[in-house]
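First comes the structure, then the notes that go with it.
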Amino acid sequence: MTEEPQAEAFVTIFDDTYDQPDCRAYFRMMDALGYRNQHHATAAFRAGLDAVARVRGLDAPRMLDFASSYGIVTLLMRHETTLAEVFARYRDPAFDGLSPGDVIARDRDWLACLPRRTPPLHVTGLDIMPNAVAYGRAVGLFDEGYAEDLETSDPSDGLA
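If you're matching positions, the sequence shown starts at 0 in numbering that gives the first Met the number 0 and goes up one per residue.
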């Protein structure tokens, strides 16, 4: 009888950057890897959301940003900007020496100045990483945010 080889523990390349107090390291890594899924997904999400809002007569639809991370899909859904512009923002060396609090303040101001898409959205962010969700709330991307792992436990009362 031959023994099956044991699978090594899987560690993602995101582990060191995914739960930082701000989004810089994560967005820079995604940019460097050429990761553009959010760009492609947002067009489909927007079309679906527009159709649901039209059919149901919703003036302000609600959206759950599942596996929300730092809120990049919400940012692209709510604001008139592109993924390329977002990634270019965080490539700027001016962000290098800033504290997380300074980045959050700058991002909050930047987002407040960006034109918003219509219809307005009420967004709930959900991710397993507390710092990513906290960042999304702090800069105003998420109206509500939950750091929960639904694979290991039931949703909290607030999320349910």
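For every residue, glycine included, the Cβ atom is placed at its ideal position computed from N, Cα and C.
- Item | For residue 238, three-class secondary structure by DSSP | An answer regarding residue 238 cannot be provided, because it is not within the stretch 0 to 159 covered by the chain.
Assign residue 138 to one of three DSSP states: helix, strand, or coil. The residue labelled residue 138 in the question sits at position 139 within the sequence shown. Residue state, collapsed to three classes: coil.
Point to revise | Short Cβ contact (7 Å threshold) for residue 129 with residue 21 | key: The sequence position of residue 129 within the sequence shown is 130, counting from 1. The sequence position of residue 21 within the sequence shown is 22, counting from 1. No, Cβ-Cβ distance for residue 129 and residue 21 is not below 7 Å.
- prompt: Short check: CB of residue 69 to CB of residue 144, under 7 Å?
  reply: To locate residue 69, count along the sequence shown from 1; it is residue 70. To locate residue 144, count along the sequence shown from 1; it is residue 145. In this structure, residue 144 does not lie closer than 7 Å to residue 69 by Cβ.
Open item on the list: Using only the alpha-carbon positions, how far apart do residue 103 and residue 19 sit?
Closed with: As a working note, residue 103 is residue 104 in the sequence shown. As a working note, residue 19 is residue 20 in the sequence shown. The straight-line gap from Cα to Cα measures roughly 12 Å.
### Task
Mind listing, in chain order, the continuous beta strand (DSSP E) runs of no fewer than 3 residues lying wholly within the segment 27-114?
61-65
Nearest residue (CA-CA) to residue 126, options 63, 92, 84 and 156: For the purposes of this step, residue 126 is taken as residue 127 along the sequence shown, with counting starting at 1. If we check each option's Cα against that of residue 126, 63 comes out closest.
| request: Can you say whether residue 115 is buried or exposed, counting buried as having 16 or more other CB atoms within 10 angstroms of its CB? | output: Walking along the sequence shown from the start, residue 115 turns up at place 116. Counting Cβ neighbours within 10 Å, residue 115 comes out exposed, since fewer than 16 surround it.
Problem - Member of 113, 158 and 149 whose CA lies at the smallest distance from the CA of residue 140 - result: Within the sequence shown, numbered from 1, the residue matching residue 140 stands at position 141. Selected option, being the one with the closest Cα: 113.
If you draw a straight line from the alpha carbon of residue 117 to that of residue 32, how long is it in whole angstroms?
Indexing the sequence shown from 1 puts residue 117 at position 118. Indexing the sequence shown from 1 puts residue 32 at position 33. Roughly 31 Å between the two C-alpha positions.
| Three-state secondary structure assigned by DSSP to residue 25 | As a first step, residue 25 is located in the sequence shown; it is residue number 26 there, counting from the start. Three-state result, residue 25: helix.
(message) Among the candidates 17, 77, 84 and 57, whose CA atom is the shortest distance from the CA of residue 44?
(response) If you number the sequence shown from 1, residue 44 lands on position 45. Of the candidates 17, 77, 84 and 57, the one whose C-alpha sits nearest the C-alpha of residue 44 is 77.
Integer Cβ distance of residue 132 from residue 111, believed to fall under 8 Å: In the sequence shown, counting from the first residue as 1, residue 132 sits at position 133. In the sequence shown, counting from the first residue as 1, residue 111 sits at position 112. Incorrect: roughly 20 Å between the Cβ atoms, too far for contact.
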